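> Quick one: the structure is below, questions incoming.
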């Protein structure tokens with residue numbers, strides 16, 4: 044009986060250790076720094092994937108001819124960074140909205156090359172007025 048219990052305990056420990064390692068490895072692989080524009084410029088990391096949050100500078104958007112990318116600038120009202128994005132542009136992407144870009148700095152040009160572009164939804168929703176209804 045003790046032999047079966049020992050095998051069960053060893054098997055359970057191996058399964059728990061394996062699951063724990065997979066969770067740890069998954070978190071390490073998907074964790075990315077989330078920085079403001081000023082913090083990202085101060086770091087100037089070229090080897091790590093970074094996420095930078097900022098507001099799209101008015102007049103800075105230059106969309107690619109094939110609509111699969113854009114060059115623009117983002118700011119945190121103190122500093123700005125030039126972004127070169129390649130990929131599908133979200134529908135809500137426009138001037139003066141908050142965005143999050145993910146990618147790496149190009150050491151040769153100093154431009155942030157983004158592979159992910161996320162736009163944020165408007166923070167204020169207003170109720171529509173009901174016309175012609177009375178209780």
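In our numbering, the protein residues as written are 44 to 178. Ideal placement from N, C-alpha and C gives every residue a C-beta, glycine not left out. Predicted model, so just to flag it, every value in this text is computed and none were measured.
Give the secondary structure of residue 26 by DSSP, where H, G and I count as helix, E and B as strand, and everything else as coil.
The chain is shown only over 44 to 178; residue 26 falls outside these bounds and no answer can be derived.
> Using only alpha-carbon positions, find the residue among 101, 72, 91, 54 that is nearest to residue 125.
As a working mapping, residue 125 is identified with position 82 in the chain shown. Comparing Cα-Cα distances from residue 125 to each of 101, 72, 91, 54, the minimum goes to 101.
> For residue 119, which residues of its own chain have a beta-carbon under 6 Å away from its beta-carbon, when the five flanking residues on both sides are left out?
Walking along the chain shown from the start, residue 119 turns up at place 76. Same-chain partners within the cutoff: 79, 80, 81, 97.
> State the beta-bridge partners of residue 131 as determined by DSSP.
Walking along the chain shown from the start, residue 131 turns up at place 88. Bridge partners of residue 131: none, in fact.
> Measuring only the C-alpha atoms, how far is residue 58 from residue 65?
If you number the chain shown from 1, residue 58 lands on position 15. If you number the chain shown from 1, residue 65 lands on position 22. Their backbone Cα atoms lie some 11 Å apart in a straight line.
> At what residues does the alpha helix (DSSP H) containing residue 52 begin and finish?
Counting from 1 along the chain shown, the entry for residue 52 is found at position 9. First-last of the alpha helix (DSSP H) with residue 52: 45–73.
> Here's a check: name, in chain order, each residue in its chain whose Cβ is nearer than 8 Å to the Cβ of residue 142, leaving out the five neighbours to either side.
If you number the chain shown from 1, residue 142 lands on position 99. 96, 97, 98, 99, 117, 136, 160, 161, 162, 163.
> Ordered along the chain, which non-local residues of its own chain (more than five positions away) have a Cβ less than 7 Å from that of residue 113?
Along the chain shown, read from residue 1 onward, the residue named residue 113 stands at position 70. Taken in chain order, the residues that qualify are 104, 105, 106, 107, 128, 132.
> When you compare only the Cα positions, how much space is there between residue 134 and residue 62?
For the purposes of this step, residue 134 is identified with residue 91 of the chain shown, where counting begins at 1. For the purposes of this step, residue 62 is identified with residue 19 of the chain shown, where counting begins at 1. Computed Cα separation, rounded: 39 Å.
> Taking the C-alpha atoms as reference points, what is the distance between residue 46 and residue 60?
As a first step, residue 46 must be located in the chain shown, where it is residue number 3. As a first step, residue 60 must be located in the chain shown, where it is residue number 17. Residue 46 and residue 60: Cα-Cα distance of roughly 21 Å.
> Taking residue 71 and residue 122 to be in contact with their CB atoms under 8 Å, please state how far apart those CB atoms are, rounded to whole angstroms.
To locate residue 71, count along the chain shown from 1; it is residue 28. To locate residue 122, count along the chain shown from 1; it is residue 79. 30 Å between Cβ atoms; not a contact.
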